[in-house]
Structures are given as structure tokens and as C-alpha cells.
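2 protein chains.
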Amino acid sequence: MNKQELINQIKIKKSFLCIGLDADIDKIPKHLLEEEDPIFEFNKKIIDATKDLCVAYKPNTAFYESLGSKGWESLEKTIDYIPKDIFTIADAKRGDIGNTSKMYANAFLNTLNFDSVTVAPYMGSDSVMPFLEFEDKWVILLALTSNKGADDFQFFNNGKEQLFEKVLKQSKNWGNDKNLMYVVGATRPEIFTEIRNIVPDSFLLVPGVGAQGGSLSEVCKYGMNKDCGLLVNSSRGIIYAGKDQNFADSARNSALEIQKEMAILLKELLG
Amino acid sequence: MNKQELINQIKIKKSFLCIGLDADIDKIPKHLLEEEDPIFEFNKKIIDATKDLCVAYKPNTAFYESLGSKGWESLEKTIDYIPKDIFTIADAKRGDIGNTSKMYANAFLNTLNFDSVTVAPYMGSDSVMPFLEFEDKWVILLALTSNKGADDFQFFNNGKEQLFEKVLKQSKNWGNDKNLMYVVGATRPEIFTEIRNIVPDSFLLVPGVGAQGGSLSEVCKYGMNKDCGLLVNSSRGIIYAGKDQNFADSARNSALEIQKEMAILLKELLG
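Chains as they are written, first to last, in the numbering used here: chain U, 4 to 274; chain B, 4 to 274.
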């Protein structure tokens, strides 16, 4: 999916919601365990119940890998099931030397056919660039994450800039706002101003609203740009909103609540 | 496998060789493509031919993931086939927020039952610590990698220390030399002195000898400690040494050449 198509979807749906498909076999409703592929059944029902409310789905690969090759099959079925007008994110946080990153890029952007994949920047240029060679596909590079451990290295400062700022600046030599987005956690909304100075036109994938404590309106106040420029993710708050037979209805209600708030926040932009 | 068992294996085999099982469907001998699982058949023959010469095997997960769930099955069969007295490394370079890293840790150290997994440090403490909670299992944390892109961020300097040094120092609060190793590329052997000042007793996993240009004797000169403290990896130089029916013999010859050099370099240590 290219940038204009993504913007169009945001306008049509009045939503910049991304739903994290972090299906955990220990947390999904018990009645699904009787199904042949409980993880896929869970995702299918979540997708059916929310696909008109979100513009992106983001399965986190960890949850599938923890089930071995069977989990990888559930991931394959899930990505095939997601409607083609919805942006897909493999939240994989990969990154390795050039020839290996090429294999990961092939795994996610070709074999599995995701629109995008999250990539960790620590290994630098040749670990990221092989992911940028696919038409209308995207790298979503970790910049400032939403977790506590982000403090350990991402604010490391050489007196002129912090590490996450250096990552943003350096990566502009590798890609552009049509093939490169950034992960910026919602837990530090004031830093979005600083980030928008460096990457004014780029889309930002924003985790940390909800369970991790970030505020949607604060994120929009400092982070929204003329194209919206945000994909705000919610995982646990939506997919585990209910635990019984009606879990998909509960997920829809949670997603609808966020989408309604987003429609208001998008008002100015949509004119 | 615990630290003493690993040291014992190094002494018994007079080797600190790690073989990277980066089986690429486009590079393995053509006659294997007739097998039901060519990747596993390739690995099996490489393992049979080299298991007395190395102390560790390191499959890089990218190569398996690029084949989807079928590749993941080949990985499962490969790890099951490796003899139990050989140290196993999932070269996965994972790392995510705490609850997600926990899933990855479970995938590699429990479900697949690897002895260790490589982890990227960018997301900090809570992205690494869930991997440290398994008895006699290891995290191998990226410190200074062997690729060109390492220059982009790993030498970022605050005037007192460089990022890779900060990673080494900070991580000593999370684990110790009995559950934490580091990736240090062979391409900058002089930096091993600096690294040994910070982590004198830790094992280092050293890629970059061979195809990437690093020198084994230089690495040992600056990086070896009283327990050896090194696992030197070779992937392409061994597994693709031959391309025909005799590929496993060629792989053995390449591995044997390195092992003989290692036996000499270990002489002083072994007494």
C-alpha cells in the first residue's frame, strides 16, 4: 500500500487506529481451544468485528513464534484473511547484517506479503536498507519506544543530539516518507514536537496508548501532521476487552470508542 | 548448558568454533532439492560431518523464516538433531517490550529449547531481562557487530563512552558472565582490549572471521581470556565450501582447518 492509499483509508474510515493482533493462547476465550487453530479463529473473529473501524492490523510475531511452526501457520492464515485495503504491519523488530536482513525482508514483505515490518536500528544502514527495496512496502524503524527500558540507551546524548534523534536523522539518508515510518511511543507525548521537527511528513506508529498509559489526545496535539501522519496502536485493550462467547462484540465496542474519539480529532484535517 | 560445561567442551575438542547453519535454499547443492525437506537434509549432513570439530551451532532464524512455516519446521528438526553436548545459538536478534520479549524467550529457550538466543539492546532492560530467567540458558547481547552499519550508531559517543561500551556496562546490571555473552565482530580486533576491560570474564560470540575479513589470530591475541572466552563463528566459509555431492566433506575440511588453528591458539590455555 502506498502513502496516498493509506491517507485515503484514514479519511474514508475517519480512523487512524491500528489493532495489535497479539493473540496469546493463554488469554483467548477458552471455548476457542476446541477449534483446530484457536489462534486463527480468534484473529478471524476480531478482524470480522473491527475491520470497518481500523486502518491497520499489526500481528506481533513473538506470539506466533512461541507456538512454533504451528504458530507460524496461524500467522500465514491471519495475514491472508486481512482485507487488502487494510495496512498490515509485521511487528517483528528484525535487523541483521545485509545478506541476513535481505532474508528477513523476503520473509515478511514477499513470502508473507505484509505491507510493512518493524526494524531495530542498532546494526545501522546495511541492516535496514534491504527492507527498503520493495515497491509500496514500508520499514517502520524503532526510534523512541514506549517501554521503561527506552531510557537505557535511546536518550544517550552526545551533547548535540540524543540517540533516537540520530536514528531519525541518519535514516533519512536511507529512505523517505513514502517507504519509512517510525515507532514513537505514546508515553512521552511532549517529545513528538521534537520528532516532528526532524521528520515532519513521516507516518509514526504509536504504541503505548491504553494499557501502557499514553493519551490519544496528547499524542495528536503534538504528533499529528497535515496527512494525520499517525497510526495509533491498541492491542490488549481491544482484543482482550471481553473473555467470553461475546469477546468479538466487546472488542468492537472498545475499537468503536477509540474510533469515535479519532473521528473528532481528525475533524479539522477532514474539513 | 552452563559455563563450566561449555569450557569443558572447548578443552575436550580443542576448539571454540561455532558453525552458522545459514542454510539458503538457493545455495545448497541442487541434488538436495529432491528431498522432502532439503534444508534439514543439508543441515543434517553438515552436522554429521563437523560435530566433532565445533562446540556450537548457530542457525540464523532469517533463513528459516524466509520459507514460512515449512522453514520453521526445518529449524525445529535441526535443533532436535544437534547432539546435546553442543551449545546451540538461535541467532534471532530479538528484543521487544517486556511481555513480548517473554514470548520470544519462551519460543527460543523453551519451545525450541536452544541454549541461547541473540538479543538486540536498543529497547533496554525490560526487552532483555525476560530472556535471562531460564536456568543454564543464555542471552547473547549485540555489542559491537561486524557489519559496516555498526559505524552508524554503535560508536555514538557522549565524550565519556561509546554506545557499545554503555551497552556492555549497563547489561552487567541485568545478568552476569554465567548467563550473558556478547556479540563482538572480528573485523575490529584491536577493540577487544577495550571490551575485555569491561567484561573480562564473559564469553564473546565473534562473527566476521572469514567471508567478512576478520583474522582469527588477531581476535585471540586481544580477546581470549583464561577460559578461552570466545566462540568464533564461521558460516558461509564452512557450509558452502563445496557445492556438489561431496559438499559435506568440503565443509569438514574447512572446519578442520580452523579447528587445527584453534588447537594451536589454545595451547597455552590447555597447558
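From the three backbone atoms N, C-alpha and C, an ideal C-beta is built for every residue, glycine too. If you're wondering where the values come from, they're calculated on a predicted model, not measured in any experiment.
Through-space distance from residue j to residue i, alpha-carbon basis
| i | j | result |
| --- | --- | --- |
| residue 142 of chain B | residue 84 of chain B | 22 angstroms |
| residue 243 of chain U | residue 254 of chain U | 7 angstroms |
| residue 103 of chain U | residue 151 of chain B | 14 angstroms |
| residue 180 of chain B | residue 175 of chain U | 38 angstroms |
| residue 26 of chain B | residue 94 of chain B | 13 angstroms |
| residue 125 of chain B | residue 57 of chain U | 29 angstroms |
| residue 135 of chain B | residue 273 of chain U | 48 angstroms |
| residue 199 of chain U | residue 246 of chain B | 52 angstroms |
| residue 168 of chain U | residue 207 of chain U | 14 angstroms |
| residue 39 of chain B | residue 63 of chain B | 21 angstroms |
| residue 35 of chain B | residue 11 of chain B | 35 angstroms |
| residue 219 of chain U | residue 139 of chain B | 43 angstroms |
| residue 115 of chain B | residue 228 of chain U | 44 angstroms |
| residue 260 of chain U | residue 163 of chain U | 41 angstroms |
| residue 37 of chain B | residue 46 of chain B | 15 angstroms |
| residue 32 of chain U | residue 129 of chain B | 28 angstroms |
| residue 195 of chain U | residue 222 of chain U | 7 angstroms |
| residue 265 of chain B | residue 241 of chain B | 15 angstroms |
Three-state class that DSSP yields for residue i in the structure shown
| i | result |
| --- | --- |
| residue 97 of chain U | strand |
| residue 121 of chain B | strand |
| residue 14 of chain U | helix |
| residue 58 of chain B | coil |
| residue 185 of chain B | strand |
| residue 3 of chain B | Here chain B covers residues 4 to 274 and nothing more, so residue 3 of chain B does not appear. |
| residue 26 of chain B | coil |
| residue 237 of chain U | strand |
| residue 217 of chain U | strand |
| residue 91 of chain B | strand |
| residue 9 of chain U | helix |
| residue 49 of chain U | helix |
| residue 248 of chain B | coil |
| residue 259 of chain B | helix |
| residue 143 of chain B | strand |
Chain U within 8 angstroms of residue i, Cβ atoms only
| i | result |
| --- | --- |
| residue 117 of chain B | no |
| residue 123 of chain B | yes |
| residue 191 of chain B | no |
| residue 40 of chain B | no |
| residue 91 of chain B | no |
| residue 196 of chain B | no |
| residue 100 of chain B | yes |
Sequence-distant residues of the same chain with beta carbon closer than 6 angstroms to residue i, five excluded per side
| i | result |
| --- | --- |
| residue 276 of chain B | Absent from the structure is residue 276 of chain B, since the part of chain B shown begins at 4 and ends at 274. |
| residue 21 of chain U | 59, 61, 234, 236 |
| residue 119 of chain B | 92, 141, 143 |
Residue i at chain B interface by Cβ criterion, 8 angstroms
| i | result |
| --- | --- |
| residue 2 of chain U | Since the displayed chain U opens at 4 and closes at 274, residue 2 of chain U lies outside it and no answer follows. |
| residue 75 of chain U | yes |
| residue 276 of chain U | The question about residue 276 of chain U has no answer here: the residues shown for chain U are numbered 4 through 274. |
| residue 126 of chain U | yes |
| residue 110 of chain U | yes |
| residue 170 of chain U | yes |
| residue 227 of chain U | no |
| residue 46 of chain U | no |
| residue 199 of chain U | no |
| residue 129 of chain U | yes |
| residue 145 of chain U | yes |
| residue 96 of chain U | yes |
| residue 83 of chain U | no |
| residue 106 of chain U | yes |
| residue 24 of chain U | no |
| residue 79 of chain U | yes |
Residue i vs residue j beta-carbon contact at 8 angstroms
| i | j | result |
| --- | --- | --- |
| residue 160 of chain B | residue 161 of chain U | yes |
| residue 171 of chain U | residue 202 of chain U | yes |
| residue 239 of chain B | residue 214 of chain B | yes |
| residue 117 of chain U | residue 91 of chain U | yes |
| residue 77 of chain B | residue 43 of chain B | yes |
| residue 185 of chain U | residue 205 of chain U | yes |
| residue 68 of chain U | residue 107 of chain B | yes |
| residue 258 of chain B | residue 48 of chain B | no |
| residue 269 of chain U | residue 231 of chain U | yes |
| residue 177 of chain B | residue 131 of chain B | yes |
| residue 188 of chain B | residue 211 of chain B | yes |
| residue 153 of chain B | residue 127 of chain U | yes |
Cβ neighbours of residue i in the same chain (closer than 7 angstroms, five flanking residues each side left out)
| i | result |
| --- | --- |
| residue 86 of chain U | 54 |
| residue 66 of chain B | 25, 26, 27 |
| residue 30 of chain U | 243 |
Other residues of its chain near residue i: CB distance less than 8 angstroms, five sequence neighbours each side excluded
| i | result |
| --- | --- |
| residue 74 of chain U | 42, 66, 67, 68 |
| residue 5 of chain U | 139, 181 |
| residue 256 of chain B | 244 |
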